[in-house]
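*Asks:*
Protein chains in written order, with this note's numbering: chain G, 1 to 252; chain R, 253 to 443.
Okay, here's the thing in structure tokens:
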């Protein structure tokens, strides 16, 4: 008999033997034991699931509250300084605005304790919230950075839409900002504080159907700096930025 | 009982399980608990240990299923977990036997009601199984595991090599050696 034929018979014998291996009692009994073993874990998963739902609901509630208080304070502030804003086209980050954003962020942060959240509130009243990659920002959690991204022509007198992003240093943040015309711009940025007090922004942006544009620029906290020109719909939009480093310890 | 939602495509069941669908995970258990038990049996050499390893494997898999890559083979992943548990047990637990599978009482299991010729055939096949079982149990561990996975369970060689943590070439050599030994030891059954 050839080796091949012998192997075929051996394989068949092995499979037959394999198929005859059964639990001491029965397959059904083993299946029940597996279920019994998994049941407490499955119940624990349920508890974790509902805890997460509750946490998410609380986060939504607090974020909404933070946003509302921010908008109310913003409107109050806008009335006071309307005459100033009329002549200064690019909106600047004043101390009151920084304070409100910091407070809103601290509420968000308290929900995501131990993680690295980021927050964005834009001039249309929309907000976005996310968690950055764990670990990246751990070194810089004593301070946070507020980046204001403006969308429009800095030479124009018209008020430009903007988005305020609050995050820890070195966090990568992916946000979507909208122009006054409704075009969406995808922005990915990593803010890094510099020794001279300015903020380095590593930024990649892409408009509707346009090409990705990347840049690393250094911006300050007193004036908007034009960063990139991005295709948005049928036209172009200028993306500008300014940023400020805020020490959390100074603000309690 | 977890998982009685009927047939479900394995990939869909894995994805649903990753989203926390326990019924889908039950489907995966139904698909593989027999194979896994047999694999654990050949790995541990004991029905009691195989039972424990089988339960423990599904428990671990339930906890880690979110980490399973989309393109990964669930069965291979499951077997890897089982093999790690077996290795962990062999390091920590008190020695149980020699690792050689228990001689299952295959020959005296209930014989189905059949005519005389049928009964004789059933008894013969069980007798053969006992002999094969015994000889397989005497194989060195790496050869036995290679044979159990590829020759008995039908796991593709590439996946089996991944499960056992060796190269395909090494696995092929082990299979060849296992066959050489079994050809000699089972000579009387091959005629």
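The beta-carbon is built from N, C-alpha and C at its ideal position, and this holds for glycine as well.
Just to confirm, are residue 183 of chain G and residue 237 of chain G a CB contact at a threshold of 8 Å?
*Replies:* On the first chain, residue 183 of chain G is found 183 positions in, with the first residue counted as 1. On the first chain, residue 237 of chain G is found 237 positions in, with the first residue counted as 1. Yes; because the gap between Cβ atoms is below 8 Å, this pair is in contact.
*Asks:* Whose C-beta lies closer than 8 Å to the C-beta of residue 438 of chain R among residues of the same chain, with five residues either side of it excluded?
*Replies:* Here the question's residue 438 of chain R lines up with position 186 in the second chain. Result list for residue 438 of chain R: 383, 384, 387, in chain order.
*Asks:* On the DSSP bridge list, what partners appear for residue 167 of chain G?
*Replies:* Along the first chain, read from residue 1 onward, the residue named residue 167 of chain G stands at position 167. Looking at the DSSP assignment, residue 167 of chain G forms a beta bridge with G:145.
*Asks:* Thinking C-alpha only, which one of G:51, G:101, G:104, G:178 is nearest residue 232 of chain G?
*Replies:* Reading the first chain from its first residue, position 232 is the one you call residue 232 of chain G. Minimum Cα distance to residue 232 of chain G is reached at G:178.
*Asks:* Are the Cβ atoms of residue 216 of chain G and residue 226 of chain G separated by less than 8 Å?
*Replies:* In the first chain, counting from the first residue as 1, residue 216 of chain G sits at position 216. In the first chain, counting from the first residue as 1, residue 226 of chain G sits at position 226. It is not a contact, given that the beta carbons lie outside the stated cut-off.
*Asks:* Could you compute how far the alpha carbon of residue 325 of chain R sits from the alpha carbon of residue 394 of chain R?
*Replies:* To locate residue 325 of chain R, count along the second chain from 1; it is residue 73. To locate residue 394 of chain R, count along the second chain from 1; it is residue 142. Computed Cα separation, rounded: 22 Å.
*Asks:* Determine which residues share a DSSP beta bridge with residue 207 of chain G and list them.
*Replies:* The residue labelled residue 207 of chain G in the question sits at position 207 within the first chain. DSSP, once it has assigned bridges, lists no residue as partnering residue 207 of chain G.
*Asks:* Taking only beta-carbon atoms, is residue 360 of chain R less than 8 Å away from chain G?
*Replies:* Indexing the second chain from 1 puts residue 360 of chain R at position 108. For residue 360 of chain R, the pLDDT reaches just 46, beneath the cut-off of 50, and the residue's location in the model is therefore unreliable, leaving the point undetermined.
*Asks:* Under a Cβ-count criterion, where at least 16 other Cβ atoms within 10 Å of its own Cβ denotes burial, should residue 60 of chain G be classed as buried or exposed?
*Replies:* Here residue 60 of chain G corresponds to residue number 60 of the first chain, with the count starting at 1. Exposed, because fewer than 16 other Cβ atoms sit within 10 Å of the Cβ of residue 60 of chain G.
*Asks:* Is DSSP giving residue 392 of chain R helix, strand or coil here?
*Replies:* Indexing the second chain from 1 puts residue 392 of chain R at position 140. Coil, per DSSP.
*Asks:* Below 7 Å between beta carbons is the criterion; list the residues of the stretch 420-438 of chain R that meet it against any residue of chain G, in chain order.
*Replies:* 431, 434, 435, 438
*Asks:* Looking at the structure shown, is residue 178 of chain G part of a helix, part of a strand, or coil, going by DSSP?
*Replies:* By 1-based counting over the first chain, the position of residue 178 of chain G is 178. Reduced to three states, the DSSP call for residue 178 of chain G is strand.
*Asks:* Name, going along the chain, the residues of the stretch 301-312 of chain R whose beta-carbon falls closer than 7 Å to a beta-carbon of chain G.
*Replies:* 303, 306, 307, 310, 311
*Asks:* I'd like to check one pair, residue 30 of chain G with residue 285 of chain R: are the Cβ atoms closer than 8 Å?
*Replies:* As a position in the second chain, residue 285 of chain R is number 33, starting the count at 1. As a position in the first chain, residue 30 of chain G is number 30, starting the count at 1. In this structure, residue 30 of chain G lies closer than 8 Å to residue 285 of chain R by Cβ.
*Asks:* On the criterion of 16 or more Cβ atoms from any shown chain inside 10 Å, does residue 50 of chain G qualify as buried, or is it exposed?
*Replies:* Locating residue 50 of chain G in the first chain gives position 50, counting from the first residue. By the 10 Å Cβ count, residue 50 of chain G comes out exposed.
*Asks:* Could you tell me whether any non-hydrogen atom of the ligand SAH is closer than 7 Å to the CB of residue 306 of chain R?
*Replies:* In terms of ligand content, the structure shown is empty, and the ligand SAH therefore cannot be addressed.
*Asks:* DSSP three-state label for residue 122 of chain G, please.
*Replies:* The residue given as residue 122 of chain G occupies position 122 in the first chain. In the structure shown, residue 122 of chain G sits in a strand (DSSP, three-state: E or B).
*Asks:* For residue 271 of chain R, which residues of its own chain have a beta-carbon under 8 Å away from its beta-carbon, when the five flanking residues on both sides are left out?
*Replies:* As a working mapping, residue 271 of chain R is identified with position 19 in the second chain. There are no such residues.
*Asks:* Tell me whether residue 229 of chain G sits in a helix, a strand or coil according to DSSP, three-state version.
*Replies:* Taking the first residue of the first chain as position 1, residue 229 of chain G is located at position 229. Note: residue 229 of chain G maps to strand in three-state DSSP.
*Asks:* By Cβ distance below 7 Å, which residues in the same chain neighbour residue 228 of chain G in space, the five residues on each side in sequence not counted?
*Replies:* Walking along the first chain from the start, residue 228 of chain G turns up at place 228. Same-chain partners within the cutoff: 205, 213, 215, 239.
*Asks:* Pull out every residue of the stretch 27-42 of chain G whose Cβ sits closer than 9 Å to any Cβ of chain R, in chain order.
*Replies:* 27, 30, 31, 32, 33, 34, 35, 36, 37, 38, 39, 41, 42
*Asks:* Which bits of chain G does residue 380 of chain R rub up against, with CB to CB less than 9 Å?
*Replies:* Position 128 of the second chain, counted from the start, is the residue given in the question as residue 380 of chain R. Here the neighbours are 13, 16, 17.
*Asks:* Helix, strand or coil: how does DSSP classify residue 445 of chain R here?
*Replies:* Not covered by the structure: residue 445 of chain R. The range shown for chain R is 253 to 443.
*Asks:* May I ask which residues mark the beginning and end of the beta strand (DSSP E) holding residue 186 of chain G?
*Replies:* Locating residue 186 of chain G in the first chain gives position 186, counting from the first residue. In the DSSP assignment, residue 186 of chain G falls within the beta strand (DSSP E) that extends over 184-193.
*Asks:* According to DSSP, simplified to helix, strand and coil, what is residue 336 of chain R?
*Replies:* Within the second chain, residue 336 of chain R is the residue found at index 84, counting from 1. Of the three classes helix, strand and coil, the one that applies to residue 336 of chain R here is helix, per DSSP.
*Asks:* Going by DSSP, what residue range makes up the alpha helix (DSSP H) through residue 160 of chain G?
*Replies:* As a working mapping, residue 160 of chain G is identified with position 160 in the first chain. Careful: residue 160 of chain G lies outside any alpha helix (DSSP H) and carries neither H nor E.
*Asks:* Measuring alpha carbon to alpha carbon, tell me which residue in R:380, R:376, R:332, R:402 is nearest residue 306 of chain R.
*Replies:* As a working mapping, residue 306 of chain R is identified with position 54 in the second chain. For residue 306 of chain R, the nearest C-alpha among the options comes from R:332.
*Asks:* When the cut-off is 8 Å and only beta carbons count, does residue 6 of chain G lie next to chain R?
*Replies:* Taking the first chain and counting its residues from 1, the one referred to as residue 6 of chain G is at position 6. So yes, residue 6 of chain G belongs to the interface.
*Asks:* Below 8 Å, can you find three or more Cβ-Cβ pairs linking the stretch 302-320 of chain R to the stretch 65-74 of chain G?
*Replies:* The answer is no - the stretch 65-74 of chain G does not touch the stretch 302-320 of chain R, with fewer than three Cβ pairs under 8 Å.
*Asks:* Taking the continuous alpha helix (DSSP H) assigned at residue 100 of chain G, which residues delimit it?
*Replies:* In the first chain, residue 100 of chain G corresponds to position 100, counting from 1. Residues 95-111.
*Asks:* In the structure shown, what three-state DSSP assignment does residue 82 of chain G receive?
*Replies:* Along the first chain, one-based indexing puts residue 82 of chain G at 82. Because residue 82 of chain G carries a pLDDT of 42, less than 50, the predicted location of this residue cannot be relied on, and no value is offered for it.
*Asks:* If we ignore side chains and look at the alpha-carbon of each, how far apart do residue 433 of chain R and residue 399 of chain R end up?
*Replies:* Taking the first residue of the second chain as 1, we reach residue 433 of chain R at position 181. Taking the first residue of the second chain as 1, we reach residue 399 of chain R at position 147. So the alpha carbons of these two residues sit roughly 12 Å apart.
*Asks:* At what residues does the alpha helix (DSSP H) containing residue 240 of chain G begin and finish?
*Replies:* In the first chain, the residue the question calls residue 240 of chain G occupies position 240. From DSSP, residue 240 of chain G is part of no alpha helix (DSSP H) but of the beta strand (DSSP E) over 235-247.
*Asks:* Against chain G, with Cβ distances strictly below 8 Å, would residue 266 of chain R count as a contact?
*Replies:* Within the second chain, numbered from 1, the residue matching residue 266 of chain R stands at position 14. For residue 266 of chain R, the answer is no, since every Cβ of chain G falls outside 8 Å of its Cβ.
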